[in-house]
Every structure is written in C-alpha cells, then in structure tokens.
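J.: Same order as they appear, the protein sequences are chains H and G.
Positions 8 to 121 (our numbering) are the ones given, in order, by the first sequence.
Positions 57 to 173 (our numbering) are the ones given, in order, by the second sequence.
Just so it is clear, CB atoms sit at the ideal spot from N, CA and C, and this is done for glycine as well.
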Amino acid sequence: AQSVAQPEDQVNVAEGNPLTVKCTYSVSGNPYLFWYVQYPNRGLQFLLKYITGDNLVKGSYGFEAEFNKSQTSFHLKKPSALVSDSALYFCAVRDRAAGNKLTFGGGTRVLVKP
Amino acid sequence: NAGVTQTPKFQVLKTGQSMTLQCAQDMNHNSMYWYRQDPGMGLRLIYYSASEGTTDKGEVPNGYNVSRLNKREFSLRLESAAPSQTSVYFCASSEKRQEGSYNSPLHFGNGTRLTVT
Chain H
8 AQSVAQPEDQ VNVAEGNPLT VKCTYSVSGN PYLFWYVQYP NRGLQFLLKY
58 ITGDNLVKGS YGFEAEFNKS QTSFHLKKPS ALVSDSALYF CAVRDRAAGN
108 KLTFGGGTRV LVKP
Chain G
57 NAGVTQTPKF QVLKTGQSMT LQCAQDMNHN SMYWYRQDPG MGLRLIYYSA
107 SEGTTDKGEV PNGYNVSRLN KREFSLRLES AAPSQTSVYF CASSEKRQEG
157 SYNSPLHFGN GTRLTVT
C-alpha cells in the first residue's frame, strides 16, 4: 500500500528566509508526486508535480521540490518565504502501479512571520 | 470559469438524518472524487469515479453512497448520518489524458463543512 509522511505538523519561518516542507513516501512501483496548498476555507490548490525526468521540479508562486529516489523524499522548498505563503501544505503520491488513487500526507502548517 | 462547485457550503444534521452533497465541474474532466478532511489526517478518499458511468470505493466508503449523474456531476449521499461523519468534504476532478496515465493534478471545490450532532 502507498503512504505519505509529513513529519512536521508546523513550520515557522521568518519572512525572507528559506522555507522547506518535508515529505517522504512509500510505494511499490514508481511514484507520481504532488504538492498542494490550502488557504483558509478553501479547497486545495495544485502547486507542482514530479512525473519523470529532472529531479528538481519548479511550480507556482516560486516553489520548487526535489525528488530523491534513494531517500524516497519529495521536499518542498522556497528560497525566500512571504507572509502570504502561510497556509496548509499537503504532499501526495500516486503509485503508477495502483492506478487512479491519490494518497495525501497529514499536512504541514506553514507560518511565515514578518 | 467556475471550476468545481460544491453545495451546500455548510450543513448541520442530527444523527440519523440523510442528505446529499452536490458537486459539479465545468472543465470537461473525466474523473471525479470525494474526499473528507479531518485534522491531522490529511485527505482521505471516500469514493471516486474514473469516468462517467463508473464508481469505485476509496479508503473510507462506509456510510456513504455516490452517484455519477453525468460527466459534470458527482453527488455524495449520507443515508443515516453519524457524529463520526462530522468533517469537511471536498469534491475534486481531474483530466485523464490517456488510458493508464494518472499524472493530472486534481482541481478541488471549496468544501462542505458538515456537523452531525
């Protein structure tokens, strides 16, 4: 069975500092990996995905993520955080061998302080 | 372009009551999903519909039923609500570009906040 772990419930960072949100996954086959962001009282919004190819993926709002197969990780990063990046972030995985089911991590709340 | 629209936004039910959550998408997507979101547990898949005319159980289907009414609409029904079904429910859709290809991102509605007392 596939699974996703986000080891940090909350990440606090000062505005202008680098932001990292951690994600590790477990699948039996090759993964499709996704990051989503959720603002208060809204649905999740897609940020970026890894399908194949370059391990560094660039997405919306200046976010990027690095796929590391040996560590089974897909950490989300932003070089310089903004107060407006404060939100709930979810990592998700699809096992290519398991079809259309997407498994989400428990979410990490990011708080960027001015 | 409305995307994914969910109704109602809020609902309070008494134990044993029934209700249907409505979802419609205007992006001509093939696949639709119902998730529930509970604190610290991320999103858990209740049911999904890979294409019009098909539905499949997800991770937590007990106590729910679904109907894929047409390509646009996918409803979720609670036949006899229980307090354990208090949650935020999200509908989502995705475009399945080709058979066996599931790398399309999901597009989410803004959710229905359900309280069962």
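1. Out of Thr171(G), Cys79(G), Gly72(G), Arg124(G), which one is the CA nearest neighbour of Ser143(G)?
2. What does the Cβ neighbour count give for Leu54(H), buried or exposed, with the cut at 16 atoms within 10 Å?
3. Using a Cβ-Cβ cutoff of 8 Å, what residues of the segment 68-88 of chain H are near chain G? List them in chain order.
4. Taking only beta-carbon atoms, is Val109(H) less than 8 Å away from chain G?
5. Please classify Gln176(G): does DSSP put it in a helix, a strand, or coil?
6. Against chain H, which members of the segment 108-120 of chain G pass a CB distance test of less than 9 Å?
7. Please classify Lys124(H) as buried or exposed, where buried requires at least 16 other C-beta atoms within 10 Å of its C-beta.
8. How close, in whole Å, do the beta carbons of Gly119(G) and Ala148(G) come, if the pair is a contact with beta carbons under 8 Å?
9. Against chain H, does Asn84(G) count as a neighbour if the rule is that its beta carbon must be under 8 Å from one of theirs?
10. Please return the same chain residues whose Cβ sits closer than 7 Å to the Cβ of Gln93(G), not counting the five positions on each side in sequence.
11. Can you tell me whether DSSP reads Arg134(H) as helix, strand or coil?
12. Hey, how far is the Cα of Gly114(G) from the Cα of Ser160(G)?
13. Would you identify the three-state DSSP class for Arg128(G), choosing helix, strand or coil?
14. Where DSSP assigns a beta bridge to Tyr89(G), which residues make up the other side?
15. Counting C-beta neighbours from all protein chains within 10 Å, is the total for Phe66(G) 16 or more, i.e. buried, or is it exposed?
16. Taking just the CA atoms, how far does Ala58(G) sit from Thr168(G)?
17. CA-CA distance, Arg18(H) and Leu134(G)?
18. Taking all protein chains shown into account, decide if Ala104(H) is buried (16 or more other Cβ within 10 angstroms of its Cβ) or exposed.
19. Go through its chain and collect everything with a Cβ distance to Lys70(G)'s Cβ below 8 Å, but skip five positions before and after it.
20. Less than 6 Å between C-beta atoms, sequence neighbours within five positions excluded: which residues of the same chain meet that for Lys85(H)?
T.: Let me lay it out:
1. It is Thr171(G) whose Cα lies nearest to the Cα of Ser143(G).
2. It counts as buried.
3. For the segment 68-88 of chain H, which is checked against every Cβ of chain G, not one residue is closer than 8 Å.
4. Reading off the sequence, residue 109(H) comes out as Leu, not Val. Leu109(H) counts as touching chain G.
5. Examination of residue 176(G) is not possible in this model, given that chain G is present from 57 through 173 alone.
6. When CB distances to chain H are screened at a threshold of 9 Å, the residues of the segment 108-120 of chain G falling below it are Asp112, Gly114, Glu115, in chain order.
7. There is simply no residue 124(H) to check, as chain H begins at 8 and stops at 121 in what is shown.
8. The Cβ separation is near 20 Å, so there is no contact.
9. Chain H, which has no Cβ nearer than 8 Å to the Cβ of Asn84(G), makes this no.
10. Answer for Gln93(G): Leu99, Ser143, Val144, Phe146, listed in chain order.
11. Residue 134(H) lies beyond the range of chain H shown here (8 to 121); nothing can be said about it.
12. So the alpha carbons of these two residues sit roughly 18 Å apart.
13. When DSSP states are grouped into helix, strand and coil, Arg128(G) belongs to the coil group.
14. Answer is Tyr104(G), Ala148(G).
15. Exposed, since its Cβ has fewer than 16 Cβ neighbours within 10 Å.
16. Taking the straight line from one Cα to the other gives about 16 Å.
17. Correcting the residue identity first, residue 18(H) is Val in this sequence and not Arg. Spanning the two alpha carbons is a distance of roughly 36 Å.
18. It counts as exposed.
19. Here the set comprises Ala137, Val172, Thr173.
20. Contacts found: Leu26, Gly69, Phe70.
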